[in-house]
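Numbering (our numbering), first residue to last: 1205 to 1642. Taking it in order: structure first as structure tokens, then the write-up.
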């Protein structure tokens, strides 16, 4: 983090920090935080779990990522360039969707507020596609890629704090609708970051060459846009390609599955929104420590040992919440568990993001990274929709807290296959210097 702060005089690092914030801000506002709001309005756990499927948009972004690689954004593309044009367009739509959620809310009917949440999720996923591509393409070398990855992680985690903790304090003061309106306005930080950014010239040259040789409206160009990134990825990484995708898919699965239940769990423990908000603010120290230690371990011991360590730490952090359910919660125990859990997620996240970034090729950056992040998100975001139903099913014959405890232990156990698969990644696949023609 100190390296990032010292490098803020570099425009691309400052822009990356702002873009990371914009990327993280909408994520929980259609997921866990949205679930807290719904639970306060008396929505059932089952309905909250199913409504979390709104975030499946993040798992489907590989479907339209080829268009982001090959086409300029409507209206804004000519003025700002391909990457920045898509950034600003998606950010404006996210802001409009969050404001719509604030103006309607659950009182207008679940279908109405869910419709705005879907709009936010799809626009946010589009924003993530282009921000991830820009981060990889603008880096001059591996060291700078690591610096930009740390910057986006810090910005992203600060946004998660704002959307997961500070919003609870704000909602206690001005209510949920006003809070969502405020956060819609905060998307202006992302717009400022996009305007501060510059277009990645090397990537633009490769994309322009692809467009000239294989125009999108021709059969060859359409095939290259859709199939080219996949063919190049599997050609470059060989037999490891499938192993890579399966490992990425399972890596954060336990964290995804427990996601929709977290805020209802805190509510059912009897904790106030302000208490949860302030404890999450304190627990941010665990996040930044995890990012710092994860980055150090990746440099000192390599990606694969760090990935294994992160895969082990995540289930341990999740299992600790079962203790809160079984033995009761005190403020010191809640703070301790939250810090340890945040450390595990921060540690594993920075290693995984940097590793995935190293596997892409110019010309196909947006699509290839979107495929990997979709693999990461798809299974977890689908399965988490059943989390509320799982807790309610586990409650049969036992009290609610024992049901929560069993759920958290089960979510932790889901992380074991990822640990096993990480051991099979014994060597990094070779990364090509440039895209190979399809």
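Cβ coordinates follow ideal geometry from the N, Cα and C atoms, glycine included.
Report back the beta-carbon spacing between residue 1523 and residue 1616 to the nearest angstrom; my notes put them in contact at under 8 Å.
Contact check for residue 1523 and residue 1616: beta-carbon distance about 4 Å, within the 8 Å limit, so the pair qualifies.
Own chain residues within Cβ distance below 6 Å of residue 1511, not counting five before or after:
Within the same chain, Cβ atoms closer than 6 Å to the Cβ of residue 1511 are found at 1555 and 1626, the five residues on either side in sequence being excluded.
Could you tell me whether the region 1318-1335 touches the region 1224-1241, where touching means 3 or more Cβ pairs closer than 8 Å?
yes
Flag this pair as yes or no: are the beta carbons of residue 1223 and residue 1335 separated by less than 9 Å?
For the 9 Å CB-CB criterion, residue 1223 and residue 1335 form a contact.
With H, G and I counted as helix, E and B as strand and the rest as coil, what does DSSP make of residue 1602?
coil
Given this structure, state the Cα-to-Cα distance separating residue 1264 from residue 1521, to the nearest angstrom.
Computed Cα separation, rounded: 28 Å.
Quick one: is the Cβ of residue 1533 within less than 8 Å of any heavy atom of the ligand HEM?
Looking at this structure, you won't find the ligand HEM or any other ligand, since it has none at all.
What are the boundary residues of the alpha helix (DSSP H) that residue 1214 is part of?
Element bounds for residue 1214: n/a, residue is neither H nor E.
The region 1368-1382 contacting the region 1477-1486, beta-carbon criterion three pairs below 8 Å:
yes
In the DSSP assignment, find the unbroken alpha helix (DSSP H) run with residue 1244 in it and report its ends.
Boundaries of the alpha helix (DSSP H) around residue 1244: 1236-1244.
Is there contact between the region 1530-1544 and the region 1487-1500, where contact requires at least three CB pairs shorter than 8 Å?
Three or more Cβ pairs drawn from the region 1530-1544 and the region 1487-1500 lie within less than 8 Å of each other, which places the two stretches in contact.
Less than 9 Å between the beta carbons of residue 1356 and residue 1552, yes or no?
Contact flag unset, no.
Taking only the alpha-carbon atoms, compute the straight-line gap between residue 1386 and residue 1454 and give it to the nearest angstrom.
Distance from the CA atom of residue 1386 to the CA atom of residue 1454, rounded to whole angstroms, is 35 Å.
To which residues of the same chain is residue 1342 closer than 6 Å at the C-beta, ignoring the five residues directly before and after it?
Correct list, in chain order: 1216 and 1404.
Just the C-alpha distance for residue 1302 and residue 1269, rounded to the nearest angstrom, thanks.
23 Å
Count the CB pairs spanning the region 1244-1252 and the region 1583-1598 that are closer than 8 Å, and state whether there are at least three.
yes
Per-residue burial, residue 1439 [other beta carbons within 10 Å of its own, 16 or more giving buried]
exposed
Could you check which residue in 1308, 1465 and 1537 has the C-alpha nearest to that of residue 1607?
Minimum Cα distance to residue 1607 is reached at 1465.
My parser needs the alpha helix (DSSP H) runs of 4 or more residues fully inside the region 1273-1339; what are they?
1280-1284 and 1286-1308
Helix, strand or coil at residue 1635 [DSSP, three-state]
With a pLDDT of only 47 at residue 1635, under 50, the local geometry of the prediction cannot be trusted, and no value is derived from it.
Which listed residue (1597, 1560 and 1587) has its alpha carbon closest to that of residue 1577:
1560
Determine the contact status of residue 1460 and residue 1548, defining contact as a CB-CB distance below 9 Å.
No. Outside cutoff.
Using C-beta distances below 7 Å, list every residue in its chain close to residue 1259, excluding the 5 sequence neighbours before and after it, in chain order.
1234, 1235, 1325 and 1585
For residue 1519, count neighbouring Cβ atoms within 10 angstroms of its own Cβ and tell me buried if that reaches 16, exposed if not.
buried
Chain-order list of residues whose beta-carbon lies under 8 Å from that of residue 1360 (same chain, five-residue window excluded):
1224, 1225, 1227 and 1228
With H, G and I counted as helix, E and B as strand and the rest as coil, what does DSSP make of residue 1344?
coil
Going by DSSP in three states, residue 1549 sits in which element: helix, strand or coil?
helix
Length of the line joining the Cα atoms of residue 1218 and residue 1340:
15 Å
Identify every run of the alpha helix (DSSP H) within the region 1507-1583, keeping only runs that are complete inside it and at least 4 residues long; order them along the chain.
1507-1531 and 1535-1561
Would you identify the three-state DSSP class for residue 1493, choosing helix, strand or coil?
helix
Can you grab the Cα-Cα spacing for the pair residue 1535 / residue 1477, in whole Å?
13 Å
Please classify residue 1241 as buried or exposed, where buried requires at least 16 other C-beta atoms within 10 Å of its C-beta.
buried
Identify whether residue 1596 lies in helix, strand or coil by the three-state DSSP scheme.
Helix, per DSSP.
Please state if the CB of residue 1444 and the CB of residue 1629 are separated by a distance shorter than 9 Å.
Yes, the pair counts as a contact, with Cβ atoms nearer than the cut-off.
Considering only residues of the same chain and omitting the five flanking positions on each side of residue 1243, which have a CB-CB separation below 6 Å?
1468 and 1471
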